[in-house]
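So for the sequence shown, the UniProt record's numbering puts the first residue at 1; every next one is plus one. Ideal Cβ placement from N, Cα and C applies to all residues, glycine included.
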Amino acid sequence: MNFELFNPQDCAPDTEKAFALFPQLKKFYATLGNTPLVEVPSPKGKASIYAKFEFENPFGSVKDRTAFGLFCDAINQHDFAAGELKLLDSSGGNMAKALAKLGNMCGIAVQVVIPDSSPQPLIDTLKADKAIVTLVDRNQFLLGVIARSQQIAHEDGSWTLLSQHLNLVNTAVHQHATGAEIRRQLEGERIDGWVSAVGTGGTLSGVAAALRQDNPQLIVWGSTPRELPYGTLSAPNGEPKFAGAGGLGFGFRQPFISKLMPQEPPFNPVSYREALSAMHEFHQLTGVKIGASSAANWKTACKLAETLSADQRVVTLFADAGSDIDREKGREWFKQSEALTV
Ligand SMILES: Cc1ncc(COP(=O)(O)O)c(C=O)c1O
């Protein structure tokens, strides 16, 4: 596994060439980001919590931003006179969906490498968008999909590997778009805490870099699946866990966290059961449908808010809206946990 960071990037990629060659990307860009930042339920008498509703992005997740950034970067670097551009990457799901949709929109070939535990509706969507789908044993999880995508790129040089776990465009997009939006939306209000789940760590590290500009003392917490936490020395596993996040296993640490952040943040472990229960609980409290990583972030933000006072603010991010099937499972588990506490 090659963990060498490449493609140094101190701003989001230039869109000029991409818009000139693919005018449909300009239309897409007009609908990307600028998602609402909404105050959500928080512990009484403690810090308030604001969540960035990333499920309002055009394809339904925060990964629409990263996919667009990586797409523009690949277009900028490609010599179209020399041949077709073909894009390849590994994904936990949302990135695959966004890449396939952008590829279909532009007539650019896309191959995605995802775990074989991915839900069938996702695989159907990817295929409908003409993506080549390569499935990897779920027990190898993120490490397995990253390694396989690198192997495919090595064996067939016609594929351009986007490498979302290593390409600094990922974290730059979150610093200069997602993070910049949050700063604008809470202009004049001090942000004391920032919470996010870590898949690649692009969101956590990029937004932290943006928010630290206003508050160098910003408290950063990660949320991570209890079944395979960030930095774990254990082997990866195929156990159900909240989606879009997780440790790599064998002590590997996502480079955007271990190499780019001034210090590694503490991680709050959230089990699959807790995350799905919280999906239901949040829906019941607010009427808003959020995904499992969003629910894990909400629970972690509540835990951080408990340590802060009423005049302080925690910001978190809701990456996607999740599925009704998961929310239904969460409803059962929520009822069982309520019954236990009565
Ligand atoms: C549902 C969900 N939550 C959280 C994340 C974390 O994003 P990042 O890769 O920026 O760490 C992702 C990324 O795919 C996701 O799909």
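Of the residues the options, the one placed nearest residue i, counting alpha carbons only
| i | options | result |
| --- | --- | --- |
| Val133 | Ala109, Ser42, Gly199 and Leu285 | Ala109 |
| Leu102 | Tyr272, Leu21, Leu25 and Leu186 | Leu25 |
| Ile191 | Gly92, Leu304, Glu56 and Asn167 | Leu304 |
| Ala164 | Asn34, Ser158, Gly93 and Leu340 | First, the residue type needs correcting, since residue 164 is Gln and not Ala in the sequence shown. Closest option to Gln164, Cα to Cα, is Gly93. |
| Ala197 | Val169, Val207 and Gly188 | Val207 |
| Gly238 | Leu87, Met105, Asp137 and Glu54 | Asp137 |
| Arg331 | Phe282, Trp221, Ala30 and Cys72 | Phe282 |
| His176 | Asp326, Asn34, Ala319 and Ala30 | Asn34 |
| Asp64 | Pro236, Pro23, Leu99 and Phe53 | Leu99 |
| Ser118 | Leu340, Ala339, Ser323 and Lys329 | Ser323 |
| Gln77 | Gly60, Thr178, Leu142 and Leu161 | Leu161 |
| Lys299 | Leu37, Pro43 and Phe22 | Pro43 |
| Phe71 | Met279, Ala30 and Phe19 | Phe19 |
| Trp159 | Asn57, Ala74 and Trp221 | Ala74 |
| Glu16 | Gln213, Thr316 and Gly69 | Gly69 |
| Leu248 | Leu260, Thr232, Pro240 and Lys259 | Thr232 |
| Ala275 | Gln284, Val113, Pro255 and Ala296 | Ala296 |
| Pro216 | Asp89, Gly107, Trp194 and Val62 | Trp194 |
| Leu85 | Gly107, Gln213, Pro225 and Ile290 | Gly107 |
| Asn57 | Asp320, Lys329, Ile325 and Ser337 | Asp320 |
| Phe334 | Gln284, Gln140 and Leu168 | Gln284 |
| Val270 | Ala292, Ser90 and Phe141 | Ala292 |
Cβ-based burial, residue i [other Cβ within 10 Å; buried from 16]
| i | result |
| --- | --- |
| Cys302 | buried |
| Phe250 | exposed |
| Phe80 | exposed |
| Lys97 | buried |
| Cys11 | exposed |
| Asn268 | buried |
| Pro115 | buried |
| Glu39 | exposed |
| Lys127 | exposed |
| Asp124 | exposed |
| Ile257 | buried |
| Thr171 | buried |
| Ala310 | exposed |
| Ala82 | exposed |
| Asp156 | exposed |
| Gly144 | buried |
| Ala210 | buried |
| Pro236 | buried |
| Thr31 | exposed |
| Pro229 | buried |
| Ser205 | buried |
| Thr286 | exposed |
| Lys130 | exposed |
DSSP bridge partner residues for residue i (one or two, in chain order)
| i | result |
| --- | --- |
| Phe313 | Sequence inspection shows Arg at residue 313; the Phe mentioned does not correspond to that position. In DSSP, Arg313 forms a bridge with Ser48. |
| Phe267 | Gly222 |
| Gln111 | Leu88 and Ile132 |
| Gly193 | Ile219 and Val314 |
| Val198 | DSSP, once it has assigned bridges, lists no residue as partnering Val198. |
Residue range of the alpha helix (DSSP H) that includes residue i
| i | result |
| --- | --- |
| Leu21 | Glu16 to Leu21 |
| Gly144 | Phe141 to Glu155 |
| Val207 | Gly202 to Arg212 |
| Glu56 | First-last for Glu56: undefined, no H or E at that position. |
| Leu285 | Tyr272 to Thr286 |
| Leu102 | Asn94 to Cys106 |
| Ser258 | Pro255 to Ser258 |
Coarse secondary structure for residue i, derived from DSSP in three states
| i | result |
| --- | --- |
| Val173 | helix |
| residue 357 | Only positions 1 to 342 of the chain appear in the structure, and residue 357 is not among them; the question remains open. |
| Leu248 | coil |
| Leu70 | helix |
| Tyr230 | coil |
| Lys335 | helix |
| Phe28 | helix |
| Ala319 | coil |
| Ala180 | helix |
| Lys63 | helix |
| Glu328 | helix |
| Met1 | Any reading at Met1 must be qualified, since the residue scores a pLDDT of 41, below 50, and its modelled position is unreliable; no value is offered. |
| Asp79 | coil |
| Ala292 | helix |
| Asp124 | helix |
| Ala301 | helix |
| Leu340 | helix |
Residue i: first and last residue of the uninterrupted beta strand (DSSP E) it sits in
| i | result |
| --- | --- |
| Leu308 | Counting along the chain, Leu308 falls outside any beta strand (DSSP E), and DSSP gives it neither H nor E. |
| Glu39 | Leu37 to Val40 |
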